Amino acid sequence: MKPNIKDLSREDLAAWLVLLREPAYRAAQIQQWLFQKGVASFSEMTNLSADMRRELEQAFSVGRLSTLARSISSDGTVKFLFGLSDGLGIESVLIPEARRLTLCISTQVGCGLGCAFCATARMGLKRNLSAGEILDQILEAKRSLSPAERITHLVLMGMGEPLANYAQTLKALAIMTDAKAGIGISPRRITLSTVGLVPQMKRLMEETQVNLAVSLHATTDELRSKLMPVNRKYPLAELIECCRSLPVPKRKRITFEYVLLRGLNHAAADARRLAQLLTGVRCKINLIPFNPHPGSPFHRPTPAEVEAFRRQLSAYGFQVNVRAPRGDDIQAACGQLNSEFNVQSSRFDVEHRTLNLEPGG
Ligand code: SAH
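Count along the sequence shown from 1, add 766, and you get the number used in the numbering used here.
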């Protein structure tokens, strides 16, 4: 198998070109074809010599995802099931809002962090995505848009833990934000969500300008460790201390995500403890009423309970948003992504269609 050229950073590509005695600026030309014009083969790169194209062809492949399924929610949210070259699948979600179009992308196939309330956790970790596979979700989603539509925001909140796949995620972020030869979305419009891997959070804030969201979900170590096993490694005090000391630019804030699980984490005492924990952290809080998925033992609080918790936190002086569930009718909302069943059922579909096409079948 030849390496996927979309997995190479600009520097990697430039270094390879130098070996061929080609000028390094060709790296930008090649990446423009891949990430701006979205070509699927080297033969389409018409500003390169035939020799150069042949060299590229011999050394690399141009990876691409296959769109196995596309479901559209009654609220306009679109969920993609993408097939990878090894037969595994990942999901990405396109979320239209009044003045923005956000794409939620995956960074791993499945997830190994084991959060009790999350559908992706049930798959376990199958593997990391490569940088090219992370980027291809954007290129593939773009192909489905009308000429007037444009993806304005990216959130790394799909399947997987982006900071557990740090190197590939960072390489992908560099191309996402590169206006010259990459996808060209400003880091201010990109948000990465993490369970709270402390060392990688520090690195991320030193090495990029993207927005950080941290999944908090509980105010005591006892409950958080039950809900999120990662808390045994990085308990609340260490996580919050890290957030307090991160080099977050003046006009930016960390977002804390807090999934509301009925009867478990939204009492007045939780609001009080949350306020204490977050004192001195420049932040905002996103409340996510639990999104149900098959077999999950948790429930969503009533709207009145959600509103009561929101009001208590606001009274402590926090900026609090309640995240509206988007695409929950097609299992596309936060924590509902699980491509395992879907890849199997879409394969089953394809087999059926093939069978039906066969004479006498
Ligand atoms: N691994 C990263 C990225 C996933 S982001 C992280 O955990 O932050 C998805 C967000 O949805 C996270 O805050 C996650 O905790 C939350 N989530 C997971 N399952 C959920 C569910 N069933 N309902 C609502 N939110 C959920």
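Think of the CB as a built atom: it goes at the ideal place given N, C-alpha and C, for glycine as much as any other residue.
Predicted model, so just to flag it, every value in this text is computed and none were measured.
Bounding residues of the alpha helix (DSSP H) (the contiguous stretch that carries residue i)
i	result
Gly898	897-909
Ala914	That residue, Ala914, is in no alpha helix (DSSP H); it is neither H nor E in DSSP.
Ala835	Here Ala835 belongs to no alpha helix (DSSP H); instead the beta strand (DSSP E) covers 832-838.
Leu922	First-last for Leu922: 919-922, but that is the beta strand (DSSP E), not the alpha helix (DSSP H).
Ala793	792-797
Extent of the continuous beta strand (DSSP E) run through residue i
i	result
Gln874	874-876
Glu1023	1020-1026
Ala930	Ala930 -> no beta strand (DSSP E), and no H or E assigned at all.
Ser1011	Premise fails: Ser1011 lies in the alpha helix (DSSP H), 1002-1011, not in any beta strand (DSSP E).
Val784	Val784 -> not in any beta strand (DSSP E); alpha helix (DSSP H) instead, spanning 776-785.
Arg893	891-894
Glu857	855-862
Leu822	No beta strand (DSSP E) holds Leu822; the alpha helix (DSSP H) holding it covers 816-825.
Val844	844-849
Leu867	867-870
Closer than 6 Å: residue i CB and nearest the ligand SAH heavy atom
i	result
Glu927	yes
Asn1057	yes
Phe1075	no
Ile1054	yes
Thr1021	no
Ser959	yes
Cys1009	no
Val1014	no
Ser981	yes
Val875	no
Gly1101	yes
Asp1086	Note on residue identity: the sequence assigns Val, not Asp, to residue 1086. The answer is no for Val1086.
Cys884	yes
Met971	no
Met923	yes
Val1072	no
Val828	no
Val996	no
Val1025	yes
Buried versus exposed call for residue i [16 or more other C-beta atoms within 10 Å across all chains shown]
i	result
Gly1127	For Gly1127, the predicted structure reports a pLDDT of 27, less than 50, and the residue's modelled location is therefore unreliable. A value from the coordinates is still provided. Looking at its Cβ environment, which holds fewer than 16 other Cβ atoms inside 10 Å, Gly1127 is exposed.
Met767	exposed
Leu779	buried
Arg776	buried
Lys946	exposed
Thr935	buried
Asn1087	exposed
Asp773	buried
Asp852	exposed
Gly842	exposed
Gly1101	buried
Arg1119	Any reading at Arg1119 must be qualified, since the residue scores a pLDDT of 34, below 50, and its modelled position is unreliable; no value is offered.
Ser1011	exposed
Ala1035	exposed
Ser896	buried
Gln824	exposed
Gly926	buried
Arg792	buried
Asn1122	Low local confidence applies: a pLDDT of 33 at Asn1122 is under 50, so the model's placement there is unreliable, and no value is given.
Pro1125	Residue placement at Pro1125 is poorly supported in this model, since its pLDDT is 33, which falls under 50; the coordinates are not used for a value here.
Thr1068	exposed
Lys999	exposed
Gly1046	exposed
Ala984	buried
Original post:
Can we say the segment 796-803 touches the segment 1048-1061, given the rule of at least three CB pairs closer than 8 Å?
Top reply: No, the segment 796-803 is not in contact with the segment 1048-1061.
**OP:** List in chain order: all unbroken alpha helix (DSSP H) runs of 4+ residues lying wholly within the segment 933-993.
**Re:** Whole alpha helix (DSSP H) segments, 4+ residues: 964-973, 987-993.
Subject >> Segment contact, 8 Å Cβ cut-off, at least three pairs: the segment 962-973 with the segment 908-921 >> reply: Not touching, per the Cβ criterion.
**OP:** Just list the beta strand (DSSP E) runs in the segment 1027-1109, keeping only unbroken ones of 3 residues or longer that don't cross its boundaries, in chain order.
**Re:** Listed in chain order, the beta strand (DSSP E) elements of length 3 or more contained wholly in the segment 1027-1109 are 1049-1055, 1086-1088.
Subject >> contact_flag[the segment 839-851, the segment 895-909] where n(CB pairs < 8 Å) is 3 or more >> reply: The answer is yes - the segment 895-909 touches the segment 839-851, with three or more Cβ pairs under 8 Å.
**OP:** Say whether the segment 942-959 touches the segment 983-995, bearing in mind that this needs 3 or more beta-carbon pairs closer than 8 Å, one atom from each stretch.
**Re:** With a cut-off of 8 Å, the segment 983-995 and the segment 942-959 do not count as touching, because too few Cβ pairs lie within range.
Original post:
For the segment 780-789 against the segment 926-937, are there 3 or more C-beta pairs whose distance is under 8 Å?
Top reply: Cβ pair count under 8 Å is below three, so no.
**OP:** Say whether the segment 884-892 touches the segment 869-876, bearing in mind that this needs 3 or more beta-carbon pairs closer than 8 Å, one atom from each stretch.
**Re:** Yes, the segment 884-892 touches the segment 869-876.
**OP:** Check whether the segment 1019-1033 touches the segment 1059-1074, taking contact to mean three or more Cβ pairs, one atom from each stretch, closer than 8 Å.
**Re:** A contact exists between the segment 1019-1033 and the segment 1059-1074.
**OP:** Count the C-beta pairs between the segment 1031-1042 and the segment 1076-1094 that are closer than 8 Å, then say yes if the count reaches three, no if not.
**Re:** Look at the beta carbons and you see the segment 1031-1042 touching the segment 1076-1094: at least three pairs across the two are nearer than 8 Å.
Original post:
Do the segment 814-823 and the segment 831-843 touch if we need at least three Cβ pairs shorter than 8 Å?
Top reply: No, because fewer than three Cβ pairs between the segment 814-823 and the segment 831-843 fall closer than 8 Å, the two stretches do not touch.
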